[in-house]
Amino acid sequence: MSQETDTSNPFWEPAEEQPQERPQQQPSNPFDESDLAVQGDESIDTLLVTEGNQSVAPVNSISTTTGDAPAEERTPTWDQIATFLLRKGLHLTALEFHTELYERGIQLPKLRDFFSNPGNFESVRDITPGENEFLGDRSLRRASSSQTLDSIDFARDPSEDDPNARVDERVAVLEFELRKAKDVIQSLREHLTSLTGSSEDGQPEALPTVNSFKPTGLTRTSVHTHSIEPVEPTTPAQPLEKRALDFLVNEYLLLNEYKLTSITFTDECQDLDFDDWDDVGLNIAKPPGLIALYRRFRYGGKVAIETPIPSHHASPVRPEKRETSAQTEPPTPGPSIPGTPTPSSPAFSPQDLIISELRSENQRLLTDLQALKQRCEAAESVVPPKPVVNADRRVNALVSLQEDPDAFALGDSASGAADAVLSQTSSTPLLSSPLTAPLRRASLTRMGEALRSVVLPPTMDADADHRRMLETISRISLKKDHLVALLAESIPHIIPNVLLSKRQEIVPLLLITILLHEDATVRDSLLHQLFNLLKKPEEQHRQMILSGCERYAALASGDRLEGELLPQCWTQISHKYAERRMLVAESCAVLAPYASPGLSGSLIISMLKQMLTEDKNAEVREKVLHSLALVCLFVNDPDKLYQLVDLLRISMADTAESVVRAALNVYLPALATWTQCYSVLGLRLIETNFLGRLESGHEAAIATAMLGLMKLVPHVYADVVKTGPWKDPEHDVVVDDVLVEVVRNRLPITDDPLEDLSTLIGPDFVVQCAKLYAYLDREWYQEWPQLKWVIDAFIPRLCQYSASLHVTKSVSVISVVDLFKRFISYFGDSFATAHVSRCMKGKIQELGANFLCHAIFVCFACAVVALGEPKQLQEFLSSALVSISDQSLPLDGLQLIFSDLADRFPEDLTQVCWAGIVHHSVPVRLNAARLLRSLCGLFSRSSQHMESLVAPLVTMTSDQEPRIRFETIPSLSALLSARIQEEKLLTVFQGFLDDREHLDIVDESVRWLAKCASAMDKKFYQEFLLPRLAVLVAQNPRLQVYRKDMAICLLDGYVTLSCSSMGEEKWLVAPVLQSLRSLLQELRELNLPEYVDIAQELSDRLSRANTPGMAGSEEIKTKVMSKIKDSGLTTMFKKK
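Take a look at the structure:
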């Protein structure tokens, strides 16, 4: 570009390309009366600034020589120039003009009043340029500020004012310029972003010409065009390049929702912190993303090459003189490089030139920042230490602008804007002309650096964490988004330093940051912090974390729940700590109400299924079932029934009892409620998974199925009530208050909220149940599907199972009896009489007399016959007793019936036994005696009922059949232990012990008397038991038969007595010891060595207990030691 003189511009200065040829005199003032010649105000307006969006004249139109102004043009006055500058808003030029006049001793009232009034600079102009203005004029307008314009005081004599005041004013200028620089850079970033985006879309905006940009850097950028082909790297990637590429790849994966891939990639790059660009190790601004790099390469296909410009061609930098961006000198063209296209070459596009010039200006920006810092340090070194420190800190804040990622997030594209801002910022002189001399400035700079090393050594030697904190503090502002960003950056560093027991205190702060942050990557990182707050969170800690997850799901959108929160749960399904897996299971239950039904039925169910089938911890599986119970209620897809039922089967077959209980008590009620919504409770859930199991023959499966059916009975009843025809107003049933009250008192009461009818039916469940009973009591009624399934499928299947179950399997029989009783307690007596009784009678007729050996006999007696009159029950049981005795069938069925009905019908059962006692058949009387023994155990808590058994038992003791008398001994001993009619019972036992014809009765009496002796008093021992045993021991050698068995029985009795509560009483030991010695001799004669050893050991123990010296040895020892302790023997040998 040629440098010609522009005679039409009176304010043009020749470029100082050759400093050695520059004239020695001071540069002429372009406003001097001798140099300035214009034709009036309007001509000055025309020459200085164009109106509207008109661009500054191209650089190549500027001449290198200055012609003389025509003689006829009049010279404007200082007032006219000042008025022109103020009217056009050229405040910086007016400020410099005012400063130069002030140095010459001239003051213009117009300029002095204008710059001394702060009101002229309160408003801030919008710095965002329009499209044409930005493209046509690369200069940046400096915002007005009273602080900036007050810097005219710096031109005064330093001896006139306080140096501290001048430094404070300069600091204020720097603070203002820092704020305005950041605002301008932000605005230019937004504009450049939109410009780049529109260019990439193939719709480039109107770009400026080459000459409209005037970069003044030390490099020239040339652009080569080549085809877009893969380029194989000739050298391996450097470590820093590899870390930067890893960071960009991870960022791309997160932004495009490849979260699982990002997690794997993060695990492989463990030495890199993907949350912080500073950790990458590059001392540069963050580059654009992979998409931006790809688009730049794809659409441009051009590679920029920066070529150093020789120093004699580069524009010199004059620190003494600072210019505005509108007056930037054009660069001097250097020699052409072979093989490199020139700017006029067709290979160059306007956009390439913009990028090239912005890169050049970026380098100049860094140079100007360093120069600015040095000038500030030099200015502050002449004042006392305290202002220097404050000013230095504020200058550091300005210098940190180049390290602020927010200000330079666009990389090179923002450098031009930042350079323009710095060029405006540097337009106001900080010091007077003598202070800015080169030698003086160099000296002050050295002093400033020395002072910094002395005053601020900790800051210079701070570690990485400290530097990070200082940078974080320096970026604090009052904007809300900055607050959220600050929290997101600080919380991950705070959490490791919080006590484990207090980690939950940070959950609210962490939660609000996650909710308000706009960056999905940061939110994902913070959610990871939330789930990993503790290594092994206990129940209380998990509740706090779950509360945070629930609140996040309630306040955030569904997309966030699906894309951010649930993936965190998925990543910890296989965590090595069970507490973390419990947290995942519990979080599924918490998030289910806020997730979409499709999400609950797919992702959440899949997560829980995986944990239920693969987790080895029973407690985790139990938590999974609790969560499944809640999640299934939010699934609206009936096709998921098979999957949900399959999970129930898996859990019911679990080896851990706690898991099976959770499946039956929690998951099964929830699944039953869900199936009622689709009317498949009976067909798809109960028949397939429970009634079918009853026919498997596996006792464990049958027991589990019976427990499940017990839990399902309330749901079956609720399903029938809720679907009744009285829901239709045409078939409504009217019930009175009396029936409602009867139903209220008859319905079973449960403490389980999952079985409560108010939960299953509704708050008006009593009225609805009363309507069911009233409807079923009609002579004729129409069945509906739910009731029809109960009558035609549920009851017959249960009756079929009870008819196939033998009474000897007492546990299963009791379970099915309880099931029938529970079923009838809900559906009512009339329903049982009409349907259950009919079905059972049909099965009994099919079985014939063998029905007494099956569970249906017990179910019919306890669930159906017991609903009728007691007289009918007595007749049924008496008939059954006779039939069982005559056919020699097992008595287990009658014993189970007695066990079930003893609390409700004690007198009726006693009457059944009386009927058997007086029966002429010995087997009947024998079975009656066995039933009385069962009643003694069942009536043990009621002395009144126990007394009613004395008469039948005493009656049976006089029976001629020895087996019957033998069967009464256990029952009599039970009554004797209860201290009921002792005299009468002892008389009976006296007769048993004197019976020498039936020694088995004597043997059984001795054994049971010894067992019940512990409940008797001293009189029983002294007057009855011990004398009778001594007589038996003495008479035993004369026995011809049963001698050996009687000896063993007597030894067993003495051993039992010695183990009782009175076994070592002195009044008991002597007579027992005497009889035991005789028995010991008897055992030796019978040649029973094993029993001889037992008798000898027992005799020795009783002998030691009977010796006073041995018995009281411990007591004597204690007394002697206490005497010694109280006397002075322990201190008599101490030195005095």
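The opening position of the sequence shown corresponds to residue -5 in this note's numbering, with each subsequent residue numbered one higher.
Glycine is no exception: its CB is placed at the ideal position from the N, C-alpha and C atoms.
It should be emphasised that the depicted structure is a prediction, and the values quoted were computed from it without experimental measurement.
For LEU703, same chain residues with a beta-carbon under 7 Å away, outside a window of 5 residues either side, are PHE684, LEU813 in chain order.
With a threshold of 16 other beta carbon atoms within 10 Å, VAL707 meets it and is buried. Along the length of the stretch 510 to 582, whole alpha helix (DSSP H) runs at least 4 residues long occupy 514 to 525, 533 to 549, 560 to 565, reported in chain order.
By the C-beta density criterion, GLU735 is exposed, having fewer than 16 other C-beta atoms within 10 angstroms. By the C-beta criterion, the stretch 850 to 870 is judged to be in contact with the stretch 790 to 803, since at least 3 inter-stretch pairs fall below 8 Å. For a cut-off of 8 Å, the C-beta gap from LEU606 to ILE567 is around 11 Å, too long to register as a contact. Between LEU932 and ALA896, the C-beta gap is smaller than 8 Å, which places the two residues in contact. For ARG959, the closest C-alpha among the options VAL948, LEU969, PRO591 is that of VAL948. Listed in chain order, the beta strand (DSSP E) elements of length 3 or more contained wholly in the stretch 912 to 995 amount to none. In the pairwise beta carbon analysis, the stretch 631 to 645 is classified as not touching the stretch 739 to 751: fewer than three pairs are separated by under 8 Å.
VAL830 is not a Cβ neighbour of ILE878, given a cutoff of 8 Å. If you draw a straight line from the Cα of CYS833 to the Cα of HIS692, it is about 25 Å long.
GLY83 counts as exposed, since fewer than 16 other C-beta atoms from the protein chains shown sit within 10 angstroms of its C-beta.
Assignment of HIS460 by DSSP, reduced to helix, strand and coil, places it in the helix class. Here GLN232 is exposed, its C-beta having fewer than 16 other C-beta atoms within 10 Å. With respect to ALA1099, LEU1070 sits apart: the two C-beta atoms are not nearer than 8 Å. In this structure, DSSP gives HIS800 an extended state, which the three-state scheme calls strand.
In the three-state DSSP reduction, HIS848 falls in the strand class (E or B). GLU499 carries a helical assignment under DSSP once its states are collapsed to helix, strand and coil. Contact check for LEU1045 against TYR1085 passes: the beta carbons are separated by less than 8 Å.
Residue range 599 to 608 is occupied by the alpha helix (DSSP H) that includes GLN604.
Straight-line spacing of the CA atoms in ASP475 and ALA612 works out to 46 Å. Buried is the label assigned to SER1052, since at least 16 other Cβ atoms lie within 10 Å of its Cβ.
Per DSSP, THR258 is one residue of the alpha helix (DSSP H) stretching across 253 to 262. By the C-beta density criterion, TYR672 is exposed, having fewer than 16 other C-beta atoms within 10 angstroms. Taken through DSSP and simplified to helix, strand or coil, ASP812 comes out as helix. Taking ALA550 as reference, the option from GLU573, CYS263, LEU585, VAL859 with the minimal CA-CA separation is LEU585.
In this structure the stretch 608 to 624 touches the stretch 649 to 668; the number of beta carbon pairs closer than 8 Å is three or more.
Burial check for GLN881: the Cβ neighbour count within 10 Å stays below 16, so the residue is exposed.
Distance from the Cα of LYS865 is smallest, within the candidate group PRO900, LEU885, VAL478, for PRO900. PRO587 is the residue among LEU366, PRO587, ASN659, VAL654 whose C-alpha sits nearest the C-alpha of CYS626. Going by beta carbons, LEU675 and ASP631 fall outside the 8 Å limit. Judged by beta-carbon spacing, MET700 lies beyond the 8 Å limit of SER621, meaning their Cβ atoms are not closer than that value.
Judged by DSSP secondary structure, CYS833 falls within the alpha helix (DSSP H) whose first and last residues are 831 to 841.
Taking a 10 Å sphere around the C-beta of ASN739, we find fewer than 16 other C-beta atoms and assign the residue as exposed. By the 16-neighbour rule on beta-carbons within 10 angstroms, ARG574 is buried.
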